[in-house]
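Its first residue numbered 37, the sequence shown is counted upward by one per residue in the numbering used here.
Using N, Cα and C, we set each Cβ at its ideal position, and we do this for glycine too.
Since we're looking at a predicted model, the values are computed, not measured.
One structure below.
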Amino acid sequence: MDLTSEGGLRLLFSPISSNIVLRTACCTVGTVLPVYSTFKAIENNDQNEQQKWLLYWTVYGSFSVTEVFADKILSWCPIYYHAKFAFLVWLQLPSANGAKHLYMSHLRPFLLRHQARLDQILEFIYNEMTKIISTHRAEIKFASALFMKLMASVNQIVWDLTHPMQRRKNHSIEGPRQVDSDAQSDNED
């Protein structure tokens with residue numbers, strides 16, 4: 037193992053490492069790598085890989101919902117983020133096939149057992165969202181336009197900060213122009 041990999045693993049698995057490092061690692065392993073792998077499965081039209089990543093996202097989404105409620109309690113455990121990191125790796129490992137195992141043994145039976153009730157809940161939520169959107173269409177349109185203007189301003193600010201020497205002329209402040217007296221007299225004629 038080279039020195040940089042060893043240093044990274046020591047930082048990641050050190051008992052005194054900060055939660056920021058572990059949270060970043062969990063985010064990377066839990067979402068960034070699977071997003072790219074899902075993209076590749078879709079673009080390559082690989083049905084087996086697509087099914088693998090659909091199972092992963094189903095288990096990951098269920099885990100995320102559970103974590104919303106349990107995170108405040110579990111995060112006090114000193115090895116919580118280490119365990120979460122290991123769990124996310126286990127879900128993706130082809131040799132362990134953790135996502136498929138959890139889906140088939142726990143999530144699928146639960147969803148099949150409660151499918152009718154969940155369908156009712158989703159239909160109710162969809163109908164309520166439709167009512168809210170149709171009732172507040174003008175406000176949503178205004179908020180959308182405001183958001184787009186804000187994003188255009190942010191984009192311009194970022195562009196100006198990243199390209200300081202290429203400022204557009206209409207945004208620059210210029211002093212009074214010097215006019216040659218010869219050129220001015222030629223224009224008067």
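| Query | Result |
| --- | --- |
| Report the rounded CA-to-CA distance for M37 versus I161, giving the unit in angstroms. | Only weak support is given to the placement of M37: the predicted model assigns it a pLDDT of 49, under 50, and the question is left unresolved by the model. |
| Report the start-end ranges of each alpha helix (DSSP H) in the region 58 to 92 that is 4 residues or longer and not cut off at the edges. | 69 to 79 |
| Could you spell out where the alpha helix (DSSP H) holding M187 opens and where it closes? | 173 to 198 |
| Identify which residue in L186, I109, T94 has its Cα closest to the Cα of K136. | T94 |
| Could you pull out every residue in the same chain whose Cβ sits closer than 7 Å to the Cβ of I169, ignoring the five residues on either side in sequence? | I176 |
| W126 lies in the alpha helix (DSSP H); which residues open and close that run? | 116 to 128 |
| Report yes if the CB atom of T74 is closer than 9 Å to the CB atom of Q87, and no otherwise. | no |
| My guess is that Y117 and R173 are in contact by the Cβ rule of under 8 Å, so how many angstroms apart are they, rounded? | Going by Cβ atoms, the distance from Y117 to R173 rounds to 43 Å, so no, they are not a contact pair. |
| With a threshold of 16 other CB atoms inside 10 Å of the CB of P130, please say whether the residue is buried or exposed. | exposed |
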